[in-house]
Amino acid sequence: MKKIILCASALMLGSLAFAQSNENVISQNGSGNSSTVDQTGMTNRSVTRIFGDTNNTTLDQDGVSNNSVVEIAGNSSTDNTSDVIQDGTQNNILVDVSGDRNMVTVEQVGDRNNQGDSFLPGEGVNITGDDNEAELYQLGNDNDGFIRQTGDENYAGISQFGTDNLANIIQEGDGNEATTEQGGVSGSSFASRGGTSLQEQMGNDNSAYAAMEEDMNEIYQGQQGNGNEASAIQNILSFGGNNVASQTQIGDNNSAEILQEGSFNVATEMQSGDDNISFTQQIGTYNTSTVMQGGNSNISSVIQSGGSHISTVTQMGMGNSSSVTQSN
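Residue 552 is where the sequence shown starts when you use this note's numbering, and the numbers rise one by one after that.
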């Protein structure tokens, strides 16, 4: 009798393990195709390949340690839409896009997603082409978000809600725009936060924006090219954090703005080129600000109120103007 029970239990466990390890492969060739995949359980794997135009794919994975690969390939692959939703922990996503006017949306709910411990050759969203749009939403803790775009007129956005998340956007080309927002959520209200945001842009007419809520905030933004704009906002009129914000711009017509509200603030803006404008405002505690500008027609304004202010402004070139106000 015991042997029968053990055999039955082994069969049940074997069938359960099989049910929790699904694999799915979808290939779409041509135009106007649509596909939907739903996977529930553990260690699911899905591969979606799209060759052509105006195809639509939706992938929903619910569980632990799921892996998803989405490929939109072909030099003429245009106007494709891909939506990926992963609900669980330790999930990984890799999206590769080659073509123009494609849109990718990834939503991950859970902790420790995209940590790099999967079968995937890399994690994140990689896009090559023009007029593409990539959006990554992560709700949870210890998540990593990565978007790399090569081409012109692309948009990349990462929104992370939770603690100890990392966002990284790299763009190469002209006319690209990047936005990063990080904050913590408890129920429907904002709670304690933690996050690091990295944004790097190479090319012309680029724009970068990063917004942060409380705790151990850090924002780094680097731009190279002409007509760049960078803006970093931390705490957003809320409680204090260990803020650090650094912005580096090389090129022409650049504008950089840092606004930090509470606690150990450090802000550094370095600009090299023509017609640069730098604005730094820190309100609260240990503030330190360093602004270095090289080139022509630069303007810098640093306002610090409350705390142990230190400010250093160095301007090199012609037509520079500087104003520093420190108060206690």
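Every residue, glycine too, gets a C-beta built ideally from N, C-alpha and C. Treat the numbers as computed from the prediction; the structure is a model and nothing was measured.
Start-to-end residues for the beta strand (DSSP E) that takes in residue i
i: Asp695; result: 695-701
i: Phe712; result: 706-712
i: Ser649; result: 643-649
i: Thr608; result: 607-615
i: Tyr771; result: 767-777
i: Asp825; result: 817-825
i: Thr640; result: 632-640
i: Ile828; result: 828-834
i: Gly602; result: Residue identity check: residue 602 is Phe in the sequence provided, not Gly. 596-604 is the extent of the beta strand (DSSP E) around Phe602.
i: Gly675; result: 675-679
i: Tyr688; result: 684-690
i: Ser873; result: 872-878
i: Asp803; result: 795-803
i: Ile721; result: 716-723
i: Ser955; result: With the chain running from 552 to 879 in the structure shown, residue 955 is simply not present.
i: Glu658; result: 654-660
i: Ile809; result: 806-811
i: Asn847; result: 839-847
i: Gly581; result: 574-582
i: Thr629; result: Looking at the DSSP string, Thr629 is not in any beta strand (DSSP E), and its letter there is neither H nor E.
i: Ser782; result: 780-785
i: Glu732; result: 728-734
i: Gly868; result: 861-869
Close beta carbons around residue i, own chain, < 6 Å, minus the five adjacent residues each side
i: Asp682; result: Asp651, Arg652, Glu704
i: Asn794; result: Asn768, Gln785, Gln811, Asn816
i: Val646; result: Val621, Val655, Val676
i: Asn871; result: Asn849
i: Glu686; result: Thr656, Gly708
i: Tyr706; result: Glu684, Glu728
i: Met821; result: Thr799, Met843
i: Asp604; result: Ser582, Thr629, Asp630
i: Asn584; result: Asn606
i: Asn595; result: Asn573, Gln612, Asn617
i: Asp634; result: Thr609, Thr656
i: Asp803; result: Asn777, Gly824, Asp825
i: Ser758; result: Glu728, Glu780
i: Tyr760; result: Thr730, Ser782
i: Thr747; result: Leu717, Glu769
i: Val588; result: Asn575, Ser597, Leu610
Buried or exposed by the 16-neighbour rule on C-beta atoms within 10 Å, applied to residue i
i: Ser782; result: buried
i: Phe569; result: With a pLDDT of only 41 at Phe569, under 50, the local geometry of the prediction cannot be trusted, and no value is derived from it.
i: Thr629; result: buried
i: Gly661; result: buried
i: Ser743; result: Because Ser743 sits at a pLDDT of 38, beneath the cut-off of 50, its placement in the model cannot be relied upon, and the following sentence gives the value as read from the coordinates. By the neighbour-count rule (16 or more Cβ atoms within 10 Å), Ser743 is not buried but exposed.
i: Glu574; result: exposed
i: Ala624; result: exposed
i: Ser878; result: exposed
i: Thr863; result: exposed
i: Asn631; result: buried
i: Asn580; result: exposed
i: Val576; result: exposed
i: Ser859; result: exposed
i: Ser874; result: exposed
i: Ser578; result: exposed
i: Thr876; result: exposed
i: Thr865; result: exposed
Nonlocal neighbours in the same chain, by C-beta distance under 7 Å from residue i, ignoring five residues either side
i: Ala796; result: Ile770, Ala783, Gln785, Ile809, Gln811, Ala818
i: Ile787; result: Ala762, Glu764
i: Ala559; result: Per-residue confidence for Ala559 stands at a pLDDT of 38, beneath the threshold of 50, marking its modelled position as unreliable; the derived number appears in the next sentence. Taken in chain order, the list of residues that qualify is empty.
i: Ile698; result: Gly675, Val676, Ala685, Leu687, Ala707, Ile709, Ile720
i: Ala807; result: Ala781, Gln798, Gln800, Glu820, Gln822, Ser829
i: Gly639; result: Asp613, Gly614, Val615, Asn617, Gly661
i: Thr591; result: Asp613, Gly614
i: Gln833; result: Gln811, Asn816, Ala818, Ser840, Gln855
Integer-rounded CB distance, given that residue j should sit under 8 Å from residue i
i: Met867; j: Gly845; result: 4 Å
i: Ile854; j: Thr839; result: 14 Å between Cβ atoms; not a contact.
i: Thr836; j: Ser814; result: 5 Å
i: Asp725; j: Gly696; result: That belief does not hold up - the Cβ atoms of Asp725 and Gly696 are roughly 24 Å apart, past 8 Å.
i: Asn694; j: Asn719; result: No, Asn694 and Asn719 are not in contact; Cβ-Cβ is about 12 Å, not under 8 Å.
i: Asp756; j: Gly778; result: 4 Å
i: Thr599; j: Ser582; result: Wrong, their Cβ atoms sit about 16 Å apart, outside the cutoff.
i: Glu658; j: Ile636; result: 5 Å
Check: residue i C-beta below 8 Å from any heavy atom of the ligand GTP
i: Gly835; result: This structure does not include the ligand GTP; it has no bound ligands of any sort.
Own chain, CB closer than 8 Å to residue i, minus 5 neighbours either side, in chain order
i: Asn692; result: Asp662, Arg663, Gly713, Thr714, Asp715, Asn716
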